[in-house]
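**Q** Following this message is one structure expressed as structure tokens.
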């Protein structure tokens with residue numbers, strides 16, 4: 001077996017393995033030289049372990065190899081686990097052999113000290129190096145666990161996962177700025193949402209979800225907008241907005257539960273929210289904000305400062321429901337008997353809108369009317385509208401911004417911190 005093929009992660013090296021031979025592979029996080037003993041802190045994805053190299057216990061070749069090591073060199077260690085009262089983790093590895101797999105040049109940024117938020121642009125320039133930082137490794141492990149929890153929860157509700165096109169012929173929501181793509185002899189666009197596809201799929205698959213990239217060509221320059229993001233979308237036949245709000249609550253709660261232990265390792269104490277979430281109407285929200293001195297005209301969206309104020313007042317995740325119909329996308333169903341308001345909702349957590357959803361219009365004539373009311377030409381949506389002639393069920397759904405949710409759970413100030421390689425107005429590399 002090649003020496004670099006690890007038998008254990010560093011986190012698995014426990015005192016109970018005392019006397020066992022193991023092979024570890026990773027990076028030199030730190031090395032201390034006290035003469036005829038050298039201490040290597042070996043790092044891999046799961047943690048660190050001390051490798052104690054005694055001159056009297058290793059070959060000349062191994063000693064020479066260790067003597068040439070520096071930070072971030074890639075190494076493989078074959079050795080014996082020893083319980084230790086001196087090592088921080090209560091265990092160390094005494095090497096039989098150490099192999100240098102690759103030499104590292106001095107890093108362009110510091111990954112050993114505290115994170116300097118003012119250096120985010122520089123850190124993103126050298127993102128692959130920045131990701132070596134322990135806090136980042138834990139953050140993206142937590143993100144992975146959150147996605148797994150979302151999938152598990154949605155599967156539990158009978159949803160199936162689907163994959164819709166990201167190269168499309170026209171806007172799926174109307175009015176959104178799209179990135180054009182040269183598609184052979186035609187101009188196509190990058191999808192800003194799987195909205196119309198997931199609605200169409202309720203006519204056959206009934207309950208569907210997708211976790212995938214979406215693109216918006218909006219020239220934002222904020223700490224909570226990017227132009228490429230991961231959208232978590234769910235759509236269900238024979239459900240209304242209240243039903244899918246209930247599903248969403250479980251998705252959020254399970255996402256928090258999945259991240260608690262990992263985020264606590266980087267000092268973020270996450271409190272799992274309690275169900276049911278508080279619900280206020282759009283009119284309630286405007287009234288509450290008016291008392292706080294924040295004026296929002298009926299028919300306008302609630303601004304970021306308004307969401308932050310509401311979060312301070314409510315103190316937990318909450319839904320805003322019944323937005324003005326014309327404030328929402330054309331497929332949003334109005335409330336019967338109150339056409340000016342809609343069966344819609346936003347989920348707000350810590351001042352951040354993380355999810356929007358609604359009951360959808362499933363009647364073709366009503367949908368065409370809603371399109372025209374917003375200045376859209378139904379003829380541009382002909383392949384979508386024809387589905388409504390062939391048995392479109394009542395349906396509802398939502399779209400969740402994965403990075404926004406992770407941003408509030410991790411307590412970071414900039415959404416780019418929770419994205420491996422952010423794409424915003426100014427950043428196209430790395």
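Numbering (the UniProt record's numbering), first residue to last: 1 to 430. Glycine is no exception: its CB is placed at the ideal position from the N, C-alpha and C atoms.
(1) Which same chain residues end up closer than 6 angstroms to residue 332 when comparing Cβ atoms and leaving out the 5 residues on each side of it in sequence?
(2) Measuring CB to CB, does residue 21 end up less than 9 angstroms from residue 96?
(3) If you follow the beta strand (DSSP E) that residue 329 is part of, which residue opens it and which one closes it?
(4) Spell out the partners DSSP gives residue 440 in its beta bridges.
(5) How would you label residue 356, buried or exposed, when you count the other beta carbons within 10 angstroms and need 16 or more for buried?
(6) What ranges does the beta strand (DSSP E) occupy inside the stretch 358-405, keeping only unbroken runs of at least 3 residues that lie completely in it?
(7) Do the stretch 91-105 and the stretch 60-75 meet, that is, are 3 or more Cβ pairs less than 8 angstroms apart?
(8) Helix, strand or coil, according to DSSP, for residue 4 in the structure here?
(9) Where residue 220 and residue 34 are concerned, what is the direct C-alpha to C-alpha distance, given to the nearest angstrom?
(10) When DSSP labels each residue in this structure, what does residue 354 get in the three-state scheme?
(11) Would you mind reading off the limits of the beta strand (DSSP E) that contains residue 215?
(12) Decide if residue 102 is buried, meaning its Cβ has at least 16 other Cβ atoms within 10 Å, or exposed.
(13) Looking only at C-alpha atoms, which of 119, 42, 364, 388 sits nearest to residue 431?
(14) Where does the unbroken alpha helix (DSSP H) through residue 148 begin, and where does it stop?
(15) Check this for me: beta carbons of residue 66 and residue 94, under 9 angstroms apart or not?
(16) Which runs of the beta strand (DSSP E) fall wholly inside the stretch 215-265 and span at least 3 residues, in chain order?
(17) Can you list the beta strand (DSSP E) stretches of 3 or more residues lying completely in the stretch 273-329, in chain order?
(18) Quick one: Cα of residue 1 to Cα of residue 23, how far?
(19) Return the CA-CA distance between residue 256 and residue 316, expressed in angstroms with no decimal places.
(20) Give me the residue from 109, 139, 19, 116 with the minimum Cα distance to residue 81.
(21) For the alpha helix (DSSP H) that contains residue 183, what are its first and last residues?
(22) Could you compute how far the alpha carbon of residue 36 sits from the alpha carbon of residue 112?
(23) Please determine if the stretch 114-126 and the stretch 138-147 are in contact, where contact requires at least 3 C-beta pairs separated by less than 8 angstroms.
(24) With a 10 Å radius around its C-beta and 16 neighbouring C-beta atoms as the bar for buried, classify residue 398 as buried or exposed.
(25) Whole angstroms is fine: what's the gap from residue 486's alpha carbon to residue 318's?
(26) Quick one: Cα of residue 263 to Cα of residue 412, how far?
**A** So, to answer that:
(1) Cβ contact annotation for residue 332 (same chain, cutoff 6 angstroms, sequence separation greater than five): 342, 344, 358, in chain order.
(2) Remark: C-beta atoms of residue 21 and residue 96 approach each other more closely than 9 angstroms.
(3) From DSSP, residue 329 is part of no beta strand (DSSP E); its letter is neither H nor E.
(4) Residue 440 falls outside the range modelled here, since the chain spans only 1 to 430, and no answer is possible.
(5) The residue in question, residue 356, is buried, as its Cβ has 16 or more Cβ neighbours within 10 Å.
(6) Listed in chain order, the complete beta strand (DSSP E) runs (minimum 3 residues) inside the stretch 358-405 are 395-401.
(7) Yes, the stretch 91-105 is in contact with the stretch 60-75.
(8) In this structure, residue 4 counts as coil in the three-state DSSP scheme.
(9) Between the alpha carbons of residue 220 and residue 34 lies a gap of roughly 54 angstroms.
(10) Three-state result, residue 354: strand.
(11) Element bounds for residue 215: 207-215.
(12) Label assigned to residue 102: exposed.
(13) Outside the shown range of the chain (1 to 430) lies residue 431, about which nothing can therefore be said.
(14) Per DSSP, the unbroken alpha helix (DSSP H) holding residue 148 starts and ends at 134-156.
(15) Between residue 66 and residue 94, the C-beta gap is not smaller than 9 angstroms, which leaves the two residues out of contact.
(16) Segments of the beta strand (DSSP E) lying fully in the stretch 215-265: 228-237.
(17) Counting only runs of 3 or more, we get 278-281, 318-321.
(18) Caution applies to residue 1, whose pLDDT of 44 falls short of 50 and renders its modelled position unreliable; the value that the coordinates give is listed next. Computed Cα separation, rounded: 10 angstroms.
(19) CA-to-CA, the gap between residue 256 and residue 316 works out to about 13 angstroms.
(20) Taking each of 109, 139, 19, 116 in turn and checking the Cα distance to residue 81, the smallest one comes out for 19.
(21) Unbroken run through residue 183 is the beta strand (DSSP E), 180-183; no alpha helix (DSSP H).
(22) Rounded to the nearest angstrom, the two C-alpha atoms are 26 angstroms apart.
(23) For the pair of segments examined, the stretch 114-126 was found not to touch the stretch 138-147: the number of CB pairs separated by less than 8 angstroms stays below three.
(24) Buried: at least 16 other Cβ atoms inside 10 Å.
(25) The chain is shown only over 1 to 430; residue 486 falls outside these bounds and no answer can be derived.
(26) Cα-Cα distance, rounded: 12 angstroms.
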